[in-house]
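The structure appears right after this line, and notes come after that.
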Amino acid sequence: MKNTNQKTSKAKQIFRIVLFVGTFISLWFVPWILVKAWILPLPDTIQEQVNQTLSYGFDGVIVYVDESGKPPVSYVAGWHNRELKIPAKPNALFKIASISKLYDAVAITKLVNDNRLSLDKTITDYFPELKGRIENAESITLRMLVQHRSGIPNITDTPNFWMNPPKSSEAALELILDLPANFQPNADYQYSNTNYLLLTMLIEKVTGKPVFQFIKEVILNPLGLKNTYGSIKEIDLDQLMSGYYVGVEEDIKTTDYGSMVATASDVGVFLRALNDGSLLNKNEQEIYASIYEYNHGGLIPGYQSMAEYHGDIDAVVIQFMNTTDFEGYQWNLLQITHNRVVKILRKLKDQ
9 MKNTNQKTSK AKQIFRIVLF VGTFISLWFV PWILVKAWIL PLPDTIQEQV NQTLSYGFDG
69 VIVYVDESGK PPVSYVAGWH NRELKIPAKP NALFKIASIS KLYDAVAITK LVNDNRLSLD
129 KTITDYFPEL KGRIENAESI TLRMLVQHRS GIPNITDTPN FWMNPPKSSE AALELILDLP
189 ANFQPNADYQ YSNTNYLLLT MLIEKVTGKP VFQFIKEVIL NPLGLKNTYG SIKEIDLDQL
249 MSGYYVGVEE DIKTTDYGSM VATASDVGVF LRALNDGSLL NKNEQEIYAS IYEYNHGGLI
309 PGYQSMAEYH GDIDAVVIQF MNTTDFEGYQ WNLLQITHNR VVKILRKLKD Q
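The numbering of the sequence shown is my numbering, which starts it at 9 and goes up by one.
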């Protein structure tokens, strides 16, 4: 029995050593700035956390919090415009990038509910000219597009997309025409901006209106949102928070990637309405729940964002950060700092 115990004890020691070495090696390959952001003691307040975020290389931060039963609160730190030394503004406009997919999914939901679209029809049912130009177009359904299960290559992964962004939807689509599929329809999941490019083109074809005009009619106007726009072409650029890319000195906010633009509070009102059911009727809610998610992030050069609803504390948290990088560390830092804001909210809720 003694020998068995000794062997067990020795095995445990070896396991601990292997675990320690493995952990050390893992941490060695993780940028220490991420480790630091993760292990630092949690501040007592959200403002302290937002201030702390600047130490990770961000130029400006906006955090909007809407807790049920309390007035919404905004927290800011850093610069709205670094060159002009204009401090961050809680009501600044911001490029929300892929957060706009939530708006697109709602628009699709409403058209499906009105029997103007069918989730089970295919790309070639709506765009017969794309047969043979998009592999499997005759098998890819609208539902697969919404859920990123089409297998269509991602336009933003094509060479020089960010250096020379296409000037129109048609030009963007041309980038992936005749390319092989990444997988068979519905056989896998892969996030692809091409899916939502096709969806927005479909919304315009069916409604006969620019996609943002339709979004305005069915989402923004009913919610009373007046600080959400289709692109930077529709705004006073002085109200747009500057965007910065690590290693590039100049402000890149005037580069047009076709992103929607909004204030954090406008996104917050929309997200709460989407999650509490007030934006959709009962049938629309069932459709939406079957096809897409209720939270989303956004990332384009100079701008990254997170929009999440946390049901356990009935709180909407919107976070805008106006600095991005090539390696993606800044995106990881956005996720870490966003989670820390939520942890602070939970901690305060328990007090």
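For each residue, glycine too, the CB sits at the ideal point set by N, CA and C.
Measuring CA to CA, which of Lys44, Phe169, Leu138, Asp52 is closest to Lys351?
Asp52
In three-state DSSP terms, what is Val383?
Missing from the structure shown is residue 383; the chain here goes from 9 to 359 and no further.
Three-state secondary structure assigned by DSSP to Leu248
strand
Going residue by residue through the region 88–147, where are the continuous alpha helix (DSSP H) segments of at least 4 residues, counting only ones entirely within it?
The DSSP assignment places 108–121, 131–134 as complete runs of the alpha helix (DSSP H) inside the region 88–147, in order along the chain (cut-off: 4 residues).
Here's the rule: buried if 16 or more other CB atoms are within 10 angstroms of the residue's CB, otherwise exposed. What is Leu50?
When all chains shown are included, Leu50 counts as exposed.
Which class does Asn359 belong to by DSSP, given the choice of helix, strand or coil?
The question names Asn, but residue 359 in the sequence shown is Gln. Gln359: coil per DSSP, three-state reduction.
Mind checking which residues open and close the alpha helix (DSSP H) that includes Gln57?
54–61
When burial is assigned at 16 or more other CB atoms within 10 Å of the CB, is Thr208 buried or exposed?
buried
Should the region 190–202 be called in touch with the region 78–92, which here means at least 3 C-beta pairs below 8 Å?
no
If you reduce the DSSP assignment to three classes, tell me which class Thr271 lands in.
Three-state DSSP puts Thr271 in coil, outside helix and strand.
Using DSSP with H/G/I as helix, E/B as strand and the rest coil, what is Thr331?
strand
Would you say Tyr199 lies against chain D (beta-carbon separation less than 7 Å)?
Absence of chain D from the displayed structure is noted, only one protein chain being present.
Measure the C-alpha to C-alpha separation of Asn201 and Lys175 and round it to an integer number of angstroms.
16 Å
Spatially closest choice to Val214 from Ile116, Tyr252, Leu245, by CA coordinates
Residue Ile116 is the option with its Cα nearest to Val214.
Does DSSP put Ala323 in a helix, a strand or coil?
If DSSP states are grouped into helix, strand and coil, Ala323 belongs with the strands.
Simplified DSSP assignment, three categories, for Val84:
strand
Is Asp165 helix, strand or coil when you go by DSSP?
helix
Which residues does DSSP list as the beta-bridge partners of Glu75?
According to DSSP, Glu75 bridges with Ala323.
Leaving out five residues before and five after Glu212 in sequence, what residues of the same chain have Cβ atoms less than 7 Å from its Cβ?
Same-chain partners within the cutoff: Pro218, Val219.
Do Asp112 and Tyr204 have their C-beta atoms within less than 7 Å of each other?
yes
Starting from Glu178, trace the alpha helix (DSSP H) in both directions and tell me its first and last residue.
177–182
Could you tell me the alpha carbon to alpha carbon distance between Thr166 and Tyr72, rounded to whole angstroms?
In this structure, the CA atom of Thr166 is about 34 Å from the CA atom of Tyr72.
Are Asp259 and Ser250 close, meaning C-beta to C-beta below 7 Å?
Asp259 is a Cβ neighbour of Ser250, given a cutoff of 7 Å.
My assumption, with CB atoms under 8 Å, is that Glu143 sits in contact with Pro188. Please give the rounded CB distance.
6 Å
Excluding the 5 residues flanking Ser76 on each side, which residues of the same chain have their C-beta closer than 6 Å to its C-beta?
Asp322
If you pair each beta-carbon of the region 228–247 with each one of the region 267–281, do three or more pairs fall below 8 Å?
Yes: at least three Cβ pairs fall under 8 Å.
In this structure, how does DSSP classify Phe37 when only helix, strand and coil are distinguished?
Bear in mind that a pLDDT of 48 at Phe37, under 50, signals an unreliable position, so the number given afterwards is only what the model happens to contain. Helix at Phe37.
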